[in-house]
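Residue numbers (the UniProt record's numbering): 1 to 489.
Backbone N, C-alpha and C define an ideal beta-carbon position, used for all residues, glycine too.
Since the structure comes first, as structure tokens, the remarks are kept for the end.
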Amino acid sequence: MVVFPLFRALLILALSTLGFAQSLVVDGEVVPANEGTVAPAFEVVDPTSTNATAALFDGETHVLTDAVLRNLTDLQLTNTLLFAFPEDFDKAGIDVELAEAISGPCKTFSDDSVGFPGTITNRVFDLLLGGSLIQTKPFAAPCYADFGNENAAECATIGSNWFNDSYIHTNDPTSINAILFQGTSCVPHSVNPYQTHCTLGAYPKMSIRATTVAQVQLAINIARNLNLRLVIKNTGHDFGAKSTGAGGVSIWTHNMKDVKFYADYEEGSYSGPAFKMGAGVQVYEAYEAANKEGVTIVGGEGRVLSMEVVTADGRFVTASETSNPDLFWALRGGGGSTFGVVTSMVIRAYPKMPVATLAFRFATGDSGDSSDNNSNSSSVSVDQFWDALRAYFDGFVGYTDAGTYGYFSLGGLTGRYVFDMHPWFAPNMTRAQLEALAGPALAELEERLGGVPVEPVYREYDNFYDAWDASFPLEPWGSNLARQGSRRK
């Protein structure tokens, strides 16, 4: 039992010996390592040095290379081996496989005084990052004295926006919407008036505000070399809160927002319009850009032509149909944060298209719902409600095959069952076409509801963006009491 911590301590010390000096050698003279003597660790590469057709964005031309690390080593900068690529350990005579075998499957946690990077190591890390290292404070920390930033006005702002439809969580380095996964260890008093202290909970220990590839590489390398838990946060909107990671290091890609349109793009077997977008571009920004160019793009549905990605070994590569095709295949279907950190992607665009939408609802209950325009809804029994819902799902596959999308909620928290379709979204359809598709289904619904009308509301748009913008407003979500999820048809 003594071998494990002793070996780990020796390994960490071997990797960290220079960290206690925090200096470098210039022209034979030892000088302190600070902003004036240590520049951010990157080399500017040619924007066309990618295997993709689309040139690299500016932040993607700032790359950590072997030459950069050699220069830091030649200058005898402290702790450079912490940021090295795997093959550099062979050159240094460190048996990585033996180290991994002895260290076991567990990651180094933030309360590990030996393995987790401390103040001096983080100082070097921040210098190489160019000042983008963030020591995490919980988003609601201004409501408490625990992190030294208590502020009543900030706390009030956070509390009043905690559950609404703002971007308040998205714009924070580590905060998430699905706060249940954080452990609710630091929430505003408006959420939990009995809470007296604030802790990090499941938030990462530190975060890197990534705007360049080199920053992503440095974060991946130090996490791998010190066996740290690594997570990636873009918006923190994920229902499963995959961007949390107690005691870990987070790469925050939210600020990678470059966008470029290619009217005539060729990649692999594809030829046509396309967009290259940074990892931090949100769907509303993407749709606005497409609408401006008179084309249509689809978010979250995998129309990807190529990706620029930093893999687990810290290398920056292109994944496409012709470059690293296995990685490309995996990235398109394997889930976020699984195979690497994507810094940008190229997605195909489609011609401008019309969109038709439909909204309707039905509910049970002995009394009318004030939010329901249908005064006859009280006549719908529980059995009729479920029978009508079955009628909708009987046609589910056919609606999908027709290329439509249903966004609905099914609730029963108020003592009534409510089905709210808002909207039934039909890309590349006119109103008449959607009426022809949905009309028989709605007639069947009303029959099973005992003749109670569902009062459908149809709308028609000449482009995708306007239809999406009108149909999908920002929604409040996130709960400290319940886990939320989603299911698409």
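Check	Outcome
Neighbour-count burial assignment, L474, 16 or more Cβ in a 10 Å radius	exposed
Host beta strand (DSSP E) of K276 (start-end)	Y270 to G278
Short Cβ contact (7 Å threshold) for V341 with V310	yes
Nearest residue (CA-CA) to A263, options G240, V295 and A246	V295
The segment 378-397 contacting the segment 455-475, beta-carbon criterion three pairs below 8 Å	no
Outcome for C106 when other beta-carbon atoms lying within 10 angstroms are tallied against a minimum of 16	exposed
A141 and F147 closer than 7 Å at C-beta	yes
From I251, M206, A290 and S160, residue whose alpha carbon lies closest to that of F464	A290
Enclosing alpha helix (DSSP H) for F125 [first to last residue]	T119 to L129
Between the CA atoms of R303 and G412 - distance to the nearest angstrom	36 Å
CB contact flag (V231, G248, <7 Å)	yes
Candidates V38, G36 and L56: closest to F316 by CA position	L56
P86 versus T244: straight-line alpha-carbon distance, rounded	26 Å
Inter-residue Cα distance where the pair is I168 and D74	44 Å
Extent of the continuous beta strand (DSSP E) run through F425	V418 to P427
Cβ neighbours of C198 in the same chain (closer than 6 Å, five flanking residues each side left out)	P138, A141, Y144, D146 and C186
Every unbroken alpha helix (DSSP H) within the UniProt domain "FAD linked oxidase N-terminal" (204-296), with a cutoff of 4 residues, ordered by chain	213-225 and 283-292
The segment 117-134 touching the segment 175-183, judged by at least three CB pairs closer than 8 Å	no
Where L474 falls: helix, strand or coil (DSSP)	coil
Cβ-based burial, L410 [other Cβ within 10 Å; buried from 16]	exposed
Whole-angstrom C-beta distance between N480 and V191, which should lie under 8 Å	6 Å
From K233, E285 and D326, residue whose alpha carbon lies closest to that of V298	E285
Beta-bridge partners of G411, as assigned by DSSP	V418
Presumed contact (8 Å Cβ cut-off) between T119 and T318, rounded CB distance	In fact, because the Cβ distance is near 37 Å, the residues do not count as touching under 8 Å.
Separation of L226 from A467, as counted between CA atoms	49 Å
P351 (DSSP reduced to helix, strand or coil)	strand
Short Cβ contact (7 Å threshold) for I158 with S207	no
Where the beta strand (DSSP E) through R483 begins and ends	First-last for R483: undefined, no H or E at that position.
Cβ neighbour criterion (16 or more within 10 Å) applied to R224	buried
Nearest neighbour of A41, chosen from T170, Y203, F408 and L218 [CA to CA]	L218
Contact set for W162: own chain, Cβ-Cβ below 7 Å, skip 5 residues either direction	P188, S190 and V191
Integer Cβ distance of R431 from A330, believed to fall under 8 Å	The Cβ separation is near 41 Å, so there is no contact.
Reduced DSSP secondary structure (H/G/I, E/B, other) of A438	helix
CA-to-CA distance, D111 to F339, given in whole angstroms	27 Å
Beta-carbon separation (whole angstroms), F362 vs A388, contact threshold 8 Å	6 Å
Extent of the continuous alpha helix (DSSP H) to which Q135 belongs	Note, Q135: premise wrong, no alpha helix (DSSP H); beta strand (DSSP E) at L133 to Q135.
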